[in-house]
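First up is the structure itself, then whatever we jot down about it.
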Amino acid sequence: MRALLLLATCLTLGMCRGTTAPLEAADDQGCLTAVLAAQGGLAAESLGVALQRGWWACSEELIKRLAVTMDKDLDHIFQMEQRSITRQLNSLKSVLEASKPMQQLSPAFEWAQSGNEVFISVKFAHKVDAPATLGVAVDSVDMVGDRVTLKASTTGRKQFLLDLQLFGDIDPEASTWQLGSVGRCTLQLKKMQEKPSRWPSLLKEGFKKPPNMHFWYDKHESYSEELETLEEQQEGQDLLAKMKAADKREEEEKAAAKGGDVKAKADVSDKAKEPAKDNDKPKEAPVRTLAQLAAASRQAKVEEAKKAVAKERKEALQSLEKDFKARKRAMDKELERKREEVRQQYDKLQDERVNAAYKAFPLADEL
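Numbered by mature numbering (1 follows the signal peptide of the UniProt record, and there is no 0), the letters in the sequence shown go through residues -18 to -1, 1 to 349 in order.
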């Protein structure tokens, strides 16, 4: 059918003035031999058929021969065949892409928290500083207990999967998510709890940390004071619990020591009622009891001194830790600001490269 169309075009344009012997060849080499052996002119339709059959060596020689006599007509035939071959290749490429298994990627994301919520910013890219994938559609977002699963896909055979096991349970009814316009998705998860708290980490202990997980410093700054207060309260509660446990142990030890003293006194009293013997020493028992009481008193004073020193040391460490955290926050904020500058410069450079590529290859959309 294609050959008949070329023949009709050839007759219409008056280009069929030469031999079509190359069309009778069985392969590229045979066509090339026929072209080289041709004494007279060659028919323009030979080029179209040679291109259709993929006889590139023969097509090259035909172009060299025909270009001498027919410039415009040759361009018309070549461009017509070029468009036809391009369409066929694009069709085959679509079939090839559709037959490939969908590529599954773990998206980059940042996270932060407040006393009542967890915030997750997902970027549909393999790295947080890489350009985001556009045209992403969220297929599903599942929230059950401490598990959050987000699935998204693109027309380019890519699928993004974010599967996290959180440190604690969340309330699915009070949690939300929103798809952004620049290849991003934001999740706002409500903590399932009776009072505000600070999670020590996003993920449950033992759950493998994704390689593209990052801390959301900008969001964290909005809740840093609240989180510090919660942390101090938690530390105070932990310290109070430890002090109560220590006091309880001390009371138990004193009760045990007191019980021993009572028993010792009872033994002495019973012994005093017995008839005196030559080798009895009734006065030694009270002396030993007083010595034990004095030793217990000294031990109690030592324990009190140890507690006072430990308390002073803890207060000093807490002060140093608070100062360290303040300095760390300032350094983290400055580091994140510089990272954001570099990220913006990188995205701008990538956009400039893409735009330059589109300008340099205007047929890229067709291909």
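Ideal Cβ placement from N, Cα and C applies to all residues, glycine included.
CA-to-CA, the gap between ARG319 and VAL110 works out to about 15 angstroms. Bounds of any alpha helix (DSSP H) do not take in GLU99; it lies within the beta strand (DSSP E) bounded by 99 to 105. Shortest Cα-Cα distance from TRP38 to any of GLY12, ALA20 and SER163 involves GLY12.
Across the structure, SER206 and ARG309 are spaced so that their CA atoms are roughly 13 angstroms apart.
C-alpha of GLY165 to C-alpha of LEU116: approximately 5 angstroms in a straight line. If the five residues before and after SER41 are omitted, its C-beta is found closer than 8 angstroms to the C-beta atoms of LEU29, ALA32 and LEU33, all from its own chain and listed in chain order. When rounded, the separation of the alpha-carbon atoms in GLU285 and HIS202 is 42 angstroms.
In this structure, LEU185 lies near LEU146, with their beta-carbon atoms less than 8 angstroms apart. Taking C-beta separations shorter than 6 angstroms and ignoring five residues to either side along the sequence, the partners of GLU92 in its chain run SER103, HIS196 and TRP198, following chain order. In its chain, beyond the 5 residues on either side, ILE102 and TRP159 have a beta carbon closer than 6 angstroms to the beta carbon of LEU169. The Cβ atoms of LEU209 and ARG180 sit closer than 8 angstroms to each other. A direct Cα-to-Cα measurement between GLU214 and ALA239 gives close to 37 angstroms. Cβ-Cβ separation between ASP128 and ILE152: approximately 7 angstroms, consistent with a contact (criterion under 8 angstroms). For LEU148, no beta strand (DSSP E) segment is defined, and its DSSP state is neither H nor E.
Residue pairing by DSSP puts LYS172 in a beta bridge opposite GLU99 and ASP153.
In this structure, LEU56 places its C-beta atom within 8 angstroms of the C-beta atom of ALA26. Distance from the CA of ALA290 to the CA of SER163, rounded to the nearest whole angstrom, comes to 59 angstroms. The Cβ atoms of LEU44 and VAL17 lie closer than 8 angstroms to each other. Cβ atoms of LEU74 and LYS140 stay farther apart than 8 angstroms, at about 21 angstroms. For MET125, the pairing in a beta bridge is given by DSSP as VAL130. PRO113 sits close to GLN332, with the two beta carbons spaced by under 8 angstroms.
For LYS140, the secondary structure class from DSSP, reduced to helix, strand or coil, is strand. Using a 10 angstroms sphere on the CB of ALA156, the tally of other CB atoms stays under 16, which defines it as exposed. Its chain contains GLY97, ASN98 and LEU212 as the residues whose beta carbon lies nearer than 7 angstroms to that of PRO178, once the 5 sequence neighbours on both sides are disregarded; these appear in chain order.
Secondary structure at VAL120: strand, using DSSP grouped into helix, strand and coil.
In this chain, the alpha helix (DSSP H) harbouring HIS202 covers 199 to 203. In the displayed model, SER163 falls within coil according to three-state DSSP, outside both helix and strand.
Residue environment analysis places ILE59 among the buried positions, since at least 16 neighbouring C-beta atoms fall within 10 angstroms of its C-beta. With fewer than 16 other Cβ atoms from the protein chains shown falling within 10 Å of its own Cβ, GLU297 counts as exposed. The three-state reading of DSSP puts MET195 in strand, counting E and B together.
Inclusion of PRO89 and LEU144 in the CB contact set at 8 angstroms is warranted, their separation being smaller than that value. Rounded to whole angstroms, the separation of the alpha carbons of LYS190 and PHE149 is 12 angstroms.
Using a Cβ distance threshold of 8 angstroms, THR136 and VAL120 do not count as a contacting pair.
In the three-state reduction of the DSSP assignment, GLN61 falls in the helix class, which pools H, G and I. Beta-bridge pairing by DSSP links GLU217 to no other residue.
For the pair ARG65 and MET313, the Cα-to-Cα distance works out to about 58 angstroms.
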